[in-house]
Amino acid sequence: MAHLIGWRLIPLQFSQQRYESDFRFAIARVTDNAEPVALMAGEAVEREELRTRFWRLVRNWTALVQRQTRLIAFTAGYGHVSTVFPILVVSPAYLTGAITLGALVQAHLAFQRVEGAFAFCIGAYPKIAEWKAIMDRLAQFEAAMKVVDTHRDPHAQIAFVPTPGRNLAIDNLVVRLGSGDPIATVPAIKLAPGEGLLVSGQSGSGKSSLFRALAGLWPLGDGAIKLPETGRVLALPQRPYFPLGTLRQALTYPTLAEQVDDTALRDAMAATGLIHLVPRLDEEAEWATVLSGGEQQRVAFARALIAKPSVLLLDEAVTTLEEAEADALYRMLAERLPETIIISIGRAALLAPLHARAIVLDGVAASARGAARAMAPAPA
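Residues -1 to 378, numbered by the working numbering, are exactly what the sequence shown covers, in order.
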């Protein structure tokens, strides 16, 4: 009876945890994007979405409480009945003189002990249902992780080959979407230390997918990417990521702050125009909102100076800066990292003079095939 009444607690507890997680995620997402939401006056849309998720949570919680109330009513009633049940059964024998009062009390106590042991699951049923719901969620998560770890996409044919020396080579590279459709085709390229390559093209031509492939994050496609065996590849996205903590850690990311010499850190800040932030190095703040867009992109260049990678990938790294500022930062990189291969995505008119070579990916949509239209030296 307890199971017939209470088994619904398991899916309700499961859903309750899911709805709570969904609601917390939605609140955190709106908080992280509060400024663009406010600028576009999107409060009504966000409020409606939060209200929908909240009432979904409340409805499930109400059903959960109702089901728990039924189960508690049964268990409480069962507890009261089990107290008087042995007395009612044995009383006729006592009244007829077949047993003594002591035997009646002994029978009652013995029944209570046995019944109490067997009734453990009835009293603990709500907790057992909650435990089962948690285990179901963990089991689903573990199964999903196993799928991720063991899944081998048939389109993941890009070979990432570490090679001696510090050259980078791309051989017959075709980057594909998850559907298998090609999005970018790149001709054979070999870059020596200190050389720069500009990747340009219209939106949807596969520039970002190519960068993910060069960073080792996108194996879908064909061909080979031969990376330097020594050194590291550092990819800097258009919107820099800022970890929690001090400005010092934000500047040295992804290297631990204590592994970076203070002199080298201050030198990188001075070179990238962030010298005014030196007094705030050990201040903790939400730096993604404290710093302006231009300062954030300067932080990315400071990270490159600190990391000194063999290959540096810059994805629209100067979109918030003036042309003169962008030109100065790129020339500073070339001067201070003379052995680093720099591959950039950006505006050809602005960045072409700063890169020795350039390719243009041609495509009209993300699902259309992109082909490298040209690869030629850019003016020095």
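For glycine and all other residues, C-beta sits at the position ideal for the given N, C-alpha and C.
{"query": "Smallest Cα separation from L62: which of L7, Y239, I343, E256?", "result": "L7"}
{"query": "Leaving aside the five residues before and after S89 along the sequence, list all residues of the same chain whose C-beta is less than 8 Å from its C-beta, in chain order.", "result": "L102"}
{"query": "Which residues share a DSSP beta bridge with S199?", "result": "Checking the displayed sequence, the identity of residue 199 turns out to be Gly instead of Ser. Paired residue(s): L359."}
{"query": "Please classify V184: does DSSP put it in a helix, a strand, or coil?", "result": "strand"}
{"query": "Between L189 and L195, is the Cβ-Cβ spacing less than 8 Å?", "result": "yes"}
{"query": "How many whole angstroms separate the CB atoms of A255 and Y123, which I take to be in contact at a CB cut-off of 8 Å?", "result": "Wrong, their Cβ atoms sit about 51 Å apart, outside the cutoff."}
{"query": "Using the Cα positions of E33 and E41, report the straight-line distance between them to the nearest angstrom.", "result": "11 Å"}
{"query": "Please report the straight-line C-alpha distance between E44 and M38, rounded to a whole angstrom.", "result": "11 Å"}
{"query": "From T261 to P277, what does the alpha carbon distance come to, in whole angstroms?", "result": "14 Å"}
{"query": "Taking N58 as part of the alpha helix (DSSP H), name the residues at either end of that continuous run.", "result": "41 to 93"}
{"query": "Could you give the first and the last residue of the continuous beta strand (DSSP E) run that contains G219?", "result": "219 to 226"}
{"query": "For A186, which residues from the same chain have a beta carbon less than 8 Å from its beta carbon, with the 5 sequence-adjacent residues on both sides left out?", "result": "A167, I168, D169, N170"}
{"query": "Only counting the same chain, and skipping five residues up and downstream in sequence, which positions put a Cβ closer than 8 Å to that of Y251?", "result": "Y239, F240, P241, R301"}
{"query": "Apart from the five residues on each side of it in sequence, which residues of its chain come closer than 8 Å, Cβ to Cβ, to R237?", "result": "Q294"}
{"query": "In the DSSP assignment, the alpha helix (DSSP H) including T250 goes from what residue to what residue?", "result": "245 to 250"}
{"query": "According to DSSP, which residues form a beta bridge with V173?", "result": "A182, G219"}
{"query": "DSSP three-state call for S206: helix, strand or coil?", "result": "helix"}
{"query": "Quick check on DSSP: helix, strand or coil for D265?", "result": "helix"}
{"query": "Where are the beta strand (DSSP E) runs, 3 residues long or more, that stay fully inside the stretch 99 to 179, in chain order?", "result": "157 to 161, 166 to 174"}
{"query": "For a test of the three-state rule: what should DSSP assign to Q15, helix, strand or coil?", "result": "helix"}
{"query": "What would DSSP say about L242, mapped onto helix, strand or coil?", "result": "coil"}
{"query": "Would you mind giving the Cβ-Cβ distance between L307 and G229, rounded to the nearest angstrom? I have them listed as a contact below 8 Å.", "result": "Just to set this straight, residue 307 is Pro in the shown sequence, not Leu. Contact flag correct, Cβ pair sits at about 6 Å."}
{"query": "Please state if the CB of A213 and the CB of A233 are separated by a distance shorter than 8 Å.", "result": "yes"}
{"query": "Which value, in whole angstroms, describes the spacing of the CA atoms of R111 and I25?", "result": "50 Å"}
{"query": "The beta strand (DSSP E) spanning L310 covers which residue range?", "result": "309 to 313"}
{"query": "Sorted by chain position, which residues of the same chain lie with C-beta nearer than 6 Å to Q155's C-beta, five sequence neighbours on each side aside?", "result": "D220"}
{"query": "Pick from L225, S290, D259: whose alpha carbon is nearest that of I339?", "result": "L225"}
{"query": "How would you call Q66, buried or exposed, if buried means at least 16 neighbouring beta carbons within 10 angstroms?", "result": "buried"}
{"query": "Which residues in the same chain as A91 place their Cβ atom closer than 7 Å to its Cβ, once the five residues preceding and following it in sequence are excluded?", "result": "I97"}
{"query": "Do the CB positions of L348 and E314 come within less than 8 Å of each other?", "result": "no"}
{"query": "Which residues in the same chain as T317 place their Cβ atom closer than 7 Å to its Cβ, once the five residues preceding and following it in sequence are excluded?", "result": "Q236"}
{"query": "Does DSSP put L275 in a helix, a strand or coil?", "result": "helix"}
{"query": "With the cut-off set at 8 Å, would you say Q11 and A137 are in Cβ contact?", "result": "no"}
{"query": "Kindly indicate the opening and closing residues of the alpha helix (DSSP H) around V35.", "result": "32 to 37"}
{"query": "Considering only residues of the same chain and omitting the five flanking positions on each side of S207, which have a CB-CB separation below 7 Å?", "result": "V173, I181, A182, W216"}
{"query": "Quick one: residues in its chain with C-beta nearer than 7 Å to the C-beta of D151, no 5 flanking neighbours on either side, listed in chain order?", "result": "L218"}
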